[in-house]
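Q:
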Amino acid sequence: MTILYIFPHPDDESFGPAPAIAAQRRQGDNVYLLTLTKGEATKQRHRLGVSKQEMGEIRFKEMQCVEQVLDLTGMTVLDLPDSGLKKMNPIEIEEVIKEHIHKIKPDVIVTYAVHGVSGFEDHLVSHAVVKRAYADLKKEGLTYPKRLAFYTHYSEEKVESKFDLKSSKLEEINCWVEASDEDMEKFRAALDCYETYQQVIEDSGVKDAVTGRVPFEFFGEQLSEKANSLTEGLK
Numbered sequence: 001m002t003i004l005y006i007f008p009h010p011d012d013e014s015f016g017p018a019p020a021i022a023a024q025r026r027q028g029d030n031v032y033l034l035t036l037t038k039g040e041a042t043k044q045r046h047r048l049g050v051s052k053q054e055m056g057e058i059r060f061k062e063m064q065c066v067e068q069v070l071d072l073t074g075m076t077v078l079d080l081p082d083s084g085l086k087k088m089n090p091i092e093i094e095e096v097i098k099e100h101i102h103k104i105k106p107d108v109i110v111t112y113a114v115h116g117v118s119g120f121e122d123h124l125v126s127h128a129v130v131k132r133a134y135a136d137l138k139k140e141g142l143t144y145p146k147r148l149a150f151y152t153h154y155s156e157e158k159v160e161s162k163f164d165l166k167s168s169k170l171e172e173i174n175c176w177v178e179a180s181d182e183d184m185e186k187f188r189a190a191l192d193c194y195e196t197y198q199q200v201i202e203d204s205g206v207k208d209a210v211t212g213r214v215p216f217e218f219f220g221e222q223l224s225e226k227a228n229s230l231t232e233g234l235k
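Residue 56 in the working numbering sits at position 56 of the sequence shown, with consecutive numbering throughout.
Pasting the structure below:
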């Protein structure tokens, strides 16, 4: 089956979902990634002494490394304004997303849960516009996408991080994707692709926060048992 991840920034696919992506590719799913911005507004550009445009190109090259490490079926990186999605007309973002969905025809689309895990504004906007695009497409009666899933975070213990990580409630989680040791190695290798972001990665505590069980919520579905994959139960 085909899964399309939609996130606002470079590294969003690696800060948590990467073990699941590696597992899905290993199991034969087609996995595509749509990233809405080049992440050019990061403060790391000041440390490197580069412009926003130059930073965007640096991060795009780092994403190409991730594309190879995770063996993505396909990757598209747009040039919407990093840290500026909230200022855009959401309908314009939705149309761009729907255009890509029509191109890929995924069985499942994935974006952030409502809290955005980190609470970053672009994460929250992405959740809202992807959910709205999904609802609009379902109203049209298309055969795709069949499911909307939200990547989320869950931990019973406080993770040491400079970011205020948000967790979903256990009862809100519909699916746990199990990752192998090989998948976890690819997760760490994907993070290593972001050479300009290594201090942020260390400060985030992501390598301790992410385990071999990756949690997802399903939108608008009530399951009697937790699913083991994002495509479980789909035809």
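The beta-carbon is built from N, C-alpha and C at its ideal position, and this holds for glycine as well.
For the region 27–39 against the region 97–110, are there 3 or more C-beta pairs whose distance is under 8 Å?
A: A contact exists between the region 27–39 and the region 97–110.
Q: Quick one: complete alpha helix (DSSP H) runs, 4+ long, within the region 84–151?
A: Within the region 84–151, the complete alpha helix (DSSP H) runs of at least 4 residues are 90–104 and 121–139.
Q: Among Ile201, Tyr197, Asp71 and Val210, which has the Cα closest to the Cα of Ala179?
A: Looking at the Cα atoms, Val210 is the closest of the given residues.
Q: Name the two residues that bound the continuous alpha helix (DSSP H) containing Pro19.
A: Unbroken alpha helix (DSSP H) run through Pro19: Ala18 to Arg26.
Q: If I follow the unbroken alpha helix (DSSP H) through Asp82, where does it start and stop?
A: No alpha helix (DSSP H) contains Asp82, which DSSP labels as neither H nor E.
Q: Is the region 182–202 touching the region 53–73 in the sense that three or more CB pairs, one from each, lie closer than 8 Å?
A: With a cut-off of 8 Å, the region 182–202 and the region 53–73 count as touching, because enough Cβ pairs lie within range.
Q: Kindly indicate the opening and closing residues of the alpha helix (DSSP H) around Leu48.
A: Note, Leu48: alpha helix (DSSP H), Gln44 to Leu48.
Q: Quick one: Cα of His115 to Cα of Trp176, how far?
A: Approximately 18 Å between the Cα atoms of the pair.
Q: In whole angstroms, what is the alpha-carbon distance linking Asp183 and Ala133?
A: Going by the C-alpha atoms only, they are around 30 Å apart.
Q: Within the same chain, show all residues whose beta-carbon is closer than 8 Å to that of Arg213, passing over the 5 residues directly before and after it, in chain order.
A: Cβ within range, chain order: Trp176, Val177, Glu178 and Ala179.
Q: At which residues does the alpha helix (DSSP H) containing Leu191 begin and terminate?
A: Unbroken alpha helix (DSSP H) run through Leu191: Asp181 to Cys193.
Q: Nearest chain B C-beta to Tyr197 closer than 7 Å, yes or no?
A: Among the protein chains of the structure shown there is no chain B, as only one such chain exists.
Q: Could you tell me the boundaries of the beta strand (DSSP E) in which Phe219 lies?
A: Careful: Phe219 lies outside any beta strand (DSSP E) and carries neither H nor E.
Q: Could you give the distance in angstroms between the alpha-carbon of Lys61 and the alpha-carbon of Asp11?
A: One C-alpha to the other measures close to 12 Å.
Q: When you compare each of Ser83, Lys146 and Leu80 to Lys235 by their alpha carbons, which one comes out closest?
A: When each option's Cα is compared against that of Lys235, the closest is Lys146.
Q: Look at Arg59 and Lys38 and say whether their C-beta atoms are less than 7 Å apart.
A: Going by C-beta atoms, Arg59 is nearer than 7 Å to Lys38.
Q: Leaving out five residues before and five after Leu124 in sequence, what residues of the same chain have Cβ atoms less than 7 Å from its Cβ?
A: Counting only Cβ-Cβ distances below 7 Å, and skipping sequence neighbours, we find Gly116.
Q: What's the C-alpha gap between Glu172 and Gly49?
A: When rounded, the distance between both Cα atoms is 43 Å.
Q: Since Tyr151 and Pro17 are thought to touch, with beta carbons under 8 Å apart, how far apart are those beta carbons, to the nearest angstrom?
A: Indeed they touch by this definition, with Cβ atoms about 5 Å apart.
Q: Please report the Cβ distance between Lys86 and Leu137, rounded to the nearest whole angstrom; I am assuming they are in contact, meaning their Cβ atoms lie under 8 Å.
A: Not confirmed; about 23 Å, so no contact.
Q: Just tell me which of Glu95, Pro8, Gly141 and Leu223 has its CA closest to the CA of Asp82.
A: When only C-alpha atoms are compared, the closest one is Pro8.
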